[in-house]
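Here's the structure, in structure tokens; my notes come after.
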Amino acid sequence: MKNILEIKTIVDYFKLRNYEVLHPLVGIVDFKKVNQTGYTNQKYDGFHYSCYAIFLKDAVGCKLKYGGNSYDYDEGTLVFMAPNQTIELGGYEPGFVPKGYALLFHPDLLLGTSLAKKIHEFNFFAYSSNEALHLSAKERKLILSLLEKIQFELEQPIDKHSKKLIVTNIELFLDYCLRFYDRQFITREVVNKGTLEKFDHLLSQYFSSEKPKINGLPSVAYFADQLHLSSNYFGDLVKKETGKSAQEFIQAKLIDVAKEKVFDPNKSVSEIAYELGFKYPQHFSRLFKQKVGRSPKEFRTSIN
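Here the sequence shown is numbered in my numbering, starting from 1062 and rising by one per residue.
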């Protein structure tokens, strides 16, 4: 990407849209009210954000790229951006006119609030664009009502209640989005189970190859990349489907493979540890005992 626009403040984005700024740290853009003549996105290859940005896309034909993957947004889709993320613009269909809303807020808005302490719990800010939230009609209606409440506060004279009411409604907005993502995981159960099967297959392939010796123990990020998912989305998917974290799932597979290897009396515990990707045999022995209740040597004795 050659020409990246830095969105350092709310004012930067609103200036791009030629939109009135009502508050320096938070704002909502209604694209129906934006002058679409000579749409300015065409000048840029992408945007780099220093603030939080949430987009409710109500138009088809907008192509974006994130993490190298293209995505065509559907009507009623929420996309989340966190500070220090870059989104690449992949072009527009002829006659494209953006519709929907953008909610942007700077991290400084959250200082001293309860949301500042929990903002990092909303993993969807680290999801890739192809893991966006697809809203039902009822969900979209609720999201619009919350945007309306935030906008109402932005249009009032600033007083001692303004910040609390604005941030409280943003927090409620995000809490509902968390619920809707949980619903999306459930409605995509068939797709998710297919992803888990691929994950399990990739794990088996990894441990049956020379990769552990070369690359060490497999990471969650490695498998997320293999499955073309962000680490956060992949981790949440595994947790919701299995009740285990992705790391726990990997460790369970590792222990299963380790048990088979320990059964071979011709291999030392150190050899097995290196074959599995451990740098130090004692780390393998410690994990094995933690998960199995016996050391590798004790386990080998008990089954022979």
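Quick reminder that beta carbons are idealized off the backbone N, C-alpha and C, glycines included.
Keep in mind it's a predicted model, so treat the numbers as computed, not measured.
Residue j beta carbon less than 7 Å from that of residue i
| i | j | result |
| --- | --- | --- |
| Ala1163 | Val1090 | yes |
| Leu1165 | Gly1255 | no |
| Leu1171 | Ala1177 | yes |
| Thr1138 | His1195 | yes |
| Gly1296 | Gly1338 | no |
| His1181 | Cys1112 | no |
| Gln1308 | Val1330 | no |
| Lys1300 | Ser1306 | yes |
| Phe1268 | Val1323 | no |
| Asn1293 | Tyr1188 | yes |
| Leu1066 | Tyr1105 | yes |
| Leu1298 | Phe1284 | no |
| Phe1246 | Gly1161 | no |
| Leu1233 | Glu1214 | no |
Which of helix, strand or coil DSSP assigns to residue i
| i | result |
| --- | --- |
| Tyr1105 | coil |
| Asp1261 | helix |
| Tyr1188 | coil |
| Thr1248 | helix |
| Gly1277 | coil |
| Ala1319 | helix |
| Gly1296 | helix |
| Gly1122 | Per-residue confidence for Gly1122 stands at a pLDDT of 46, beneath the threshold of 50, marking its modelled position as unreliable; the derived number appears in the next sentence. Residue state, collapsed to three classes: coil. |
| Tyr1237 | helix |
| Leu1164 | strand |
| Phe1141 | strand |
| Glu1149 | strand |
| Leu1066 | strand |
Residues near residue i by beta carbon distance below 6 Å, same chain, minus five either side
| i | result |
| --- | --- |
| Thr1174 | Val1228 |
| Phe1141 | Ile1115, Phe1185 and Phe1186 |
Exposure of residue i, with buried meaning 16 or more beta-carbon neighbours within 10 Å
| i | result |
| --- | --- |
| Ser1291 | buried |
| Arg1347 | exposed |
| Asp1133 | Reliability fails at Asp1133, whose pLDDT of 41 lies under 50, so the model's placement of it is uncertain and no value is given. |
| Tyr1074 | buried |
| Ile1068 | buried |
| Leu1086 | buried |
Residues near residue i in its chain [Cβ-Cβ closer than 8 Å; skip 5 each side]
| i | result |
| --- | --- |
| Ile1303 | The displayed chain sequence assigns Thr, not Ile, to residue 1303. Hits under 8 Å: Leu1257 and Phe1310. |
| Val1353 | Ile1316, Lys1320 and Phe1360 |
| Arg1201 | Leu1117 and Gly1137 |
| Glu1216 | Leu1083 |
Every unbroken alpha helix (DSSP H) inside the segment 1182-1226 [4 residues or more]: For the segment 1182-1226, whole alpha helix (DSSP H) runs of length 4 or above, ordered along the chain, are 1198-1215.
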